[in-house]
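Using full-length UniProt numbering, you'd call the opening residue of the sequence shown number 1 and step up by one each time.
The beta carbon of each residue, even a glycine, is placed where N, CA and C say it ideally should be.
A quick note: this is a predicted structure, and the numbers were derived from the prediction, not measured.
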Amino acid sequence: MRERKLHPDPRHPSKARPGRWEVANNCEHPPDYWTIHGLWPDKSGECNRSWPFNPDEIKGLLPDMRLYWPDVLHSSPNHSVHFWRHEWEKHGTCAAQLDALNSQRKYFGKTLDLYKELALNSTLQKLGIKPSISYYQGEKVQTLGQIELCLTRDLQLQDCPEPGEPAPQRREAGPGGTPILGLEICEDGPVFYPPPKETNH
């Protein structure tokens, strides 16, 4: 399984720039921290796609969902509900084969717990990995657009595929057919980590 955290994809500078999604007309104030995209099983053979999303089952989680798992492409709260529905129906119904994730409350709740436990934002800061407008001039530079954490079936961290190894298919359409840009595993070399907000030069 993969816990996916999404950030604008600056590999396509015509579509996105640091901290601002150009593909969404109404996303003017994106979060300035990493957010959750989803918890995705690598294999989707045992999915129950007939299990509909019921927002009443996650009412107690909504404050954290809005904060840590927003729809970053659309600023309307209603779009987040559509996004969560998509995540449940496409991925949660597959993850539900695990006892720890076998309900909507467990799937969303456990993903939020993992997000808080891993504390990605503060962990990066502690390791000295901070957003910057500086980058290596004149070199081919990769831009950090997403961080994937690979988990075992017991939801413990494990090594992810190495650069050059096949990675699970990532290209898909999001809620309402919104395209999600494909990302690739970074090779060894310089990586640009842009700040989340526009910076005046």
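Can you determine whether any heavy atom of the ligand SAH sits closer than 7 Å to the C-beta of residue i, and answer yes or no?
i	result
Glu87	The ligand SAH is not part of the structure shown, which contains no ligands of any sort.
Cβ atoms of residue j and residue i: under 8 Å apart, would you say?
i	j	result
Glu57	Gln104	yes
Gly109	Leu61	yes
Ala100	Leu155	yes
Ile129	Tyr193	yes
Leu157	Thr111	no
Arg153	Glu89	no
Tyr115	Tyr68	yes
Ignore the nearest five residues each way along the sequence and tell me which others in residue i's own chain have a CB closer than 6 Å to its CB.
i	result
residue 203	In the structure as shown, the chain begins at 1 and stops at 201. Residue 203 is therefore absent and cannot be evaluated.
Tyr33	Asn121
Trp51	Thr93
Pro64	Contrary to the premise, residue 64 reads as Asp rather than Pro in this sequence. The residues are Leu112.
Leu127	none
Arg85	Phe53
Asn102	Ala96
Reducing DSSP to helix, strand and coil, say where residue i ends up.
i	result
Thr111	helix
Phe192	strand
His74	coil
Leu127	coil
Gly92	helix
Ile58	helix
Trp40	strand
Gln142	strand
residue 202	Because the chain here runs from 1 to 201, residue 202 falls outside it and cannot be looked at.
Gln156	coil
Residues in its own chain within less than 7 Å of residue i by CB, not counting five upstream and five downstream?
i	result
Pro70	Pro31, Thr35 and Ser80
Ala24	Here the model assigns Ala24 a pLDDT of 36, short of 50, so the residue's position is not dependable, and the following value carries that caveat. Leu73 and His74.
Pro55	Val81
Asp159	Cys150
Thr123	none
Does the beta-carbon of residue i have 16 or more other beta-carbons within 10 angstroms, so that it is buried, or is it exposed?
i	result
Val141	exposed
Pro8	Reliability fails at Pro8, whose pLDDT of 35 lies under 50, so the model's placement of it is uncertain and no value is given.
Gly92	buried
residue 212	There is simply no residue 212 to check, as the chain begins at 1 and stops at 201 in what is shown.
Glu87	buried
Report the CB separation of residue i from residue j in whole angstroms; it is logged as a contact under 8 Å.
i	j	result
Met190	Pro131	The sequence as given places Pro at residue 190; Met does not occur at that position. Not quite, the Cβ-Cβ distance comes to about 15 Å (not below 8 Å), so this is no contact.
Within its chain, find whatever has a CB closer than 8 Å to the CB of residue i; leave out the 5 residues flanking it on each side and keep chain order.
i	result
Lys59	none
Glu117	none
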